[in-house]
Amino acid sequence: MGASQSRSETDERVFSNETPISFSRDVVNQLSDRLESSETSPERQSSLDVHIRSRIQSEIEILKQEEDVIRQEIELALEKENLDREKGTSEDGSEGTGRIPSSIELMGDLEEIRSKVDKYQSRKDLTEFSEVKSSAEAVVSCYRAHPSTSLDCWKEVAQFKDSVARVEQQHFKTL
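Our numbering puts the sequence shown at residues 6 to 180.
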């Protein structure tokens, strides 16, 4: 049982074909043309193009990652250098005109400027000029009501211009 599987057969069998095999001249020419031509087939060319594009994309991604790492290292180095410079100037105690303010002082100055701008914007509000405000709202609502025929709002625009002119005249009288 199994003895036949363990034995290797050394008898090689060779089959010979009694009928001759012949190829047409077109098949032979086509095969020889493929061997001689250096052009690649369109299918092969498209697969090569896809492969090359994928390699280029992968290389671009690798370069972008390396660029990001280098950019982060540069930013960290510059930040450290700026902090060291700030510490050096603050330790010197030089209060002269050549003094470089620290980032904390700059943030305080920025907040002060923002508060001044907010105060200016609140003063610029049209609460004192209710006539101008109401006529401006009338113009806006008319334009919204007539988006395709904005020329129908000429009355509201004229009223707005008149109210602005009256406020300007009052302001000039106070000067």
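Ideal placement from N, C-alpha and C gives every residue a C-beta, glycine not left out.
Residue 147: first and last residue of the uninterrupted alpha helix (DSSP H) it sits in: Taken as a continuous stretch (DSSP letters only), the alpha helix (DSSP H) holding residue 147 covers 135-150.
For a quick check, are the C-beta atoms of residue 165 and residue 140 less than 9 Å apart? Between residue 165 and residue 140, the C-beta spacing is below 9 Å.
Output the boundary residues of the alpha helix (DSSP H) element that contains residue 157. Counting along the chain, no alpha helix (DSSP H) covers residue 157, and no H or E run does either.
Express the C-alpha separation of residue 113 and residue 167 in angstroms, rounding to a whole number. So the alpha carbons of these two residues sit roughly 44 Å apart.
Would you report the Cα separation of residue 23 and residue 47, rounded to the nearest angstrom? In this structure, the alpha-carbon of residue 23 lies about 40 Å from that of residue 47.
Cβ of residue 172 within 9 Å of Cβ of residue 136? The answer is yes: Cβ separation under 9 Å.
Rounded to whole angstroms, what is the Cα-Cα separation between residue 57 and residue 73? Between residue 57 and residue 73, the alpha-carbon positions lie close to 24 Å from each other.
For residue 25, which three-state DSSP category applies? The answer is coil: DSSP assigns residue 25 none of H, G, I, E or B.
Using the beta-carbon count (16 or more within 10 Å), is residue 101 buried or exposed? Any answer about residue 101 is weak, because its pLDDT of 49 lies below 50 and its placement is not dependable; what the coordinates show is given next. So residue 101 counts as exposed.
Let me know the secondary structure DSSP gives residue 20 once reduced to three states. Looking at residue 20 - three-state DSSP - the assignment turns out to be coil, as it is neither helix nor strand.
Residue 61 to residue 44 span [Cα, whole Å]: In a straight line, the C-alpha of residue 61 is about 23 Å away from that of residue 44.
Tell me which residues share the same chain as residue 50 and place their Cβ nearer than 8 Å to its Cβ, disregarding the 5 neighbours each side in the sequence. For residue 50, where only same-chain residues beyond five positions count, there are no Cβ hits under 8 Å.
Tell me whether the beta-carbon of residue 144 lies closer than 9 Å to the beta-carbon of residue 162. Their beta carbons are under 9 Å apart, which means residue 144 touches residue 162 by this criterion.
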